[in-house]
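Here's the structure, in structure tokens; my notes come after.
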């Protein structure tokens, strides 16, 4: 902390006004994962590792940023607004994206820079120079919402400085739009909304699309959720994740047309951003499994090329990822996932909520929670978002099992690496999870993150 204090003193040395400070946590994806973009229900736990933003406004029309992981300087960025924004009367997202990428560390810090630029635009605030330091305890690329926490912390500091009036979910919504529109990252919002709306030692229950935060569920003292890094970095820009996302939206188009919507309805909703009149509000994650199996499952092809889809259906509702005409998409499998995952989340949340009821078989409840996690993990693999080291962790959890307090595990977030969430219960059960973590470190020959 002394080192950070010295860094802040040097960075903000010329400022006569106060420096505002805001924090936002990372999150562990308990259930729901990448169904965020499909309107699925999400269940997220805040992590103790926060990101903190320190911000001051300057007279110079520049954006100056330093990013630290713990006390180590990772990246710096500096640019004037004329370079970033050009001479356009309104924000040209493509131009801004390209300009940021041309600058040193622009690629790494792109979402944070985009969030600041979009905040001024959305809140109709005259752009001023911004000096910003981000200090985080969260490593990048582990699937625990690190970048989302940087964005939310920075926007909280902006909102405090300008005393901005915000609707309940507006701030994380700006962060999500910045990632989608300016940074061109096809995230679905789980990280942003979980980082914004949280309660310590509780699970936040919410939809990210459209944003709707329901409530939090206190985690019973006997239950622990622990994250083990797989060793493989996770990215929402991976080709496989984008393919799964695209296939899911392709599946929705087929379902919407079968439910009475027209291509014109889809086009209007996509252009206006108002999906409320569409079947299931434009989201397959809102369909109950029984209705899905009865009415829609048989309509979805196991696979279809992008070219064939465009010739037949013309459009998807996705404004972020695109369909490759030469690629074959697993439409049925990818569309099934958010339908069943959202239902699993509902069951999971209800069991945790009622866990402390007296005279109940706690072990049976834990086994049910674990089974839901194992099902979720398998569904990721079915979609092509599994990973061999995630499978190894899950199998070790099964091997050790309930006798030693380990009940369930699943790959998280956008999958294909990142972090595995483990469910355990009992005083000594975290020790057994820690032993799996140590085994994997020995297996891979390098240190891995561990999240409690």
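Numbering (the UniProt record's numbering), first residue to last: 1 to 452.
In this text, a Cβ means the ideal position worked out from N, Cα and C, and glycines have one as well.
Asked                                                                                                                                                                                 : Found
For residue 238, which residues of its own chain have a beta-carbon under 8 Å away from its beta-carbon, when the five flanking residues on both sides are left out?                  : 414, 416
What does the Cβ neighbour count give for residue 172, buried or exposed, with the cut at 16 atoms within 10 Å?                                                                       : buried
Would you mind reading off the limits of the alpha helix (DSSP H) that contains residue 400?                                                                                          : 388 to 400
Have a look at the DSSP bridge pairing and note the partners of residue 207.                                                                                                          : 41, 212
Closest to residue 412 by C-alpha separation, out of 20, 42, 130, 170, would be which residue?                                                                                        : 42
Whole angstroms is fine: what's the gap from residue 66's alpha carbon to residue 77's?                                                                                               : 7 Å
Between the Cα of residue 216 and those of 403, 346, 452, 387, spot the shortest distance and give me the residue it belongs to.                                                      : 346
Let me check one thing: in DSSP terms, what residues is residue 229 bridge-paired to?                                                                                                 : 419
Which residue marks the beginning of the alpha helix (DSSP H) containing residue 410, and which one marks its end?                                                                    : No alpha helix (DSSP H) holds residue 410; the beta strand (DSSP E) holding it covers 406 to 411.
Give the straight-line distance between the Cα atoms of residue 442 and residue 52, rounded to the nearest whole angstrom.                                                            : 33 Å
Below 8 Å on the Cβ atoms is my contact criterion, and I expect residue 96 with residue 63 to pass it. Report the Cβ-Cβ distance as a whole number of Å.                              : Not confirmed; about 12 Å, so no contact.
In this structure, does DSSP put residue 286 in helix, strand or coil?                                                                                                                : helix
Under three-state DSSP, which class holds residue 375?                                                                                                                                : helix
Identify every run of the beta strand (DSSP E) within the segment 129 to 215, keeping only runs that are complete inside it and at least 3 residues long; order them along the chain. : 129 to 136, 202 to 208
Which whole-angstrom value describes the C-beta separation of residue 369 and residue 348, a residue pair presumed to lie in contact below a C-beta threshold of 8 Å?                 : 6 Å
According to DSSP, is residue 291 part of a helix, a strand, or is it coil?                                                                                                           : helix
When the Cβ atoms of the segment 420 to 429 are set against those of the segment 392 to 408, are three or more pairs found closer than 8 Å?                                           : yes
Would residue 202 and residue 114 be called neighbours here (beta carbons separated by less than 8 Å)?                                                                                : no
Which residue marks the beginning of the alpha helix (DSSP H) containing residue 82, and which one marks its end?                                                                     : 81 to 85
Considering only DSSP beta bridges, list what residue 66 is partnered with.                                                                                                           : 76, 133
Report back the beta-carbon spacing between residue 314 and residue 278 to the nearest angstrom; my notes put them in contact at under 8 Å.                                           : That belief does not hold up - the Cβ atoms of residue 314 and residue 278 are roughly 15 Å apart, past 8 Å.
Using the Cβ count rule (16 or more neighbours within 10 Å means buried), how would you classify residue 268?                                                                         : exposed
Quick one: complete alpha helix (DSSP H) runs, 4+ long, within the segment 292 to 347?                                                                                                : 306 to 313
Whole-angstrom Cβ separation of residue 332 and residue 302, contact assumed at under 8 Å?                                                                                            : 5 Å
By Cβ distance below 6 Å, which residues in the same chain neighbour residue 190 in space, the five residues on each side in sequence not counted?                                    : 36, 42, 208
From 136, 100, 81, 33, pick the residue whose C-alpha is nearest to that of residue 74; which is it?                                                                                  : 136
Are there 16 or more other CB atoms within 10 angstroms of the CB of residue 295, so buried, or fewer, so exposed?                                                                    : exposed
Evaluate residue 109 with the Cβ neighbour count: other Cβ atoms within 10 Å of its Cβ, from every protein chain shown; 16 or more gives buried, anything less gives exposed.         : buried
Determine the DSSP secondary structure at residue 90, reduced to helix, strand or coil.                                                                                               : coil
Ends of the beta strand (DSSP E) at residue 446?                                                                                                                                      : Taken as a continuous stretch (DSSP letters only), residue 446 belongs to no beta strand (DSSP E), as it is neither H nor E.
What three-state label does DSSP hand residue 6 in the structure shown?                                                                                                               : helix
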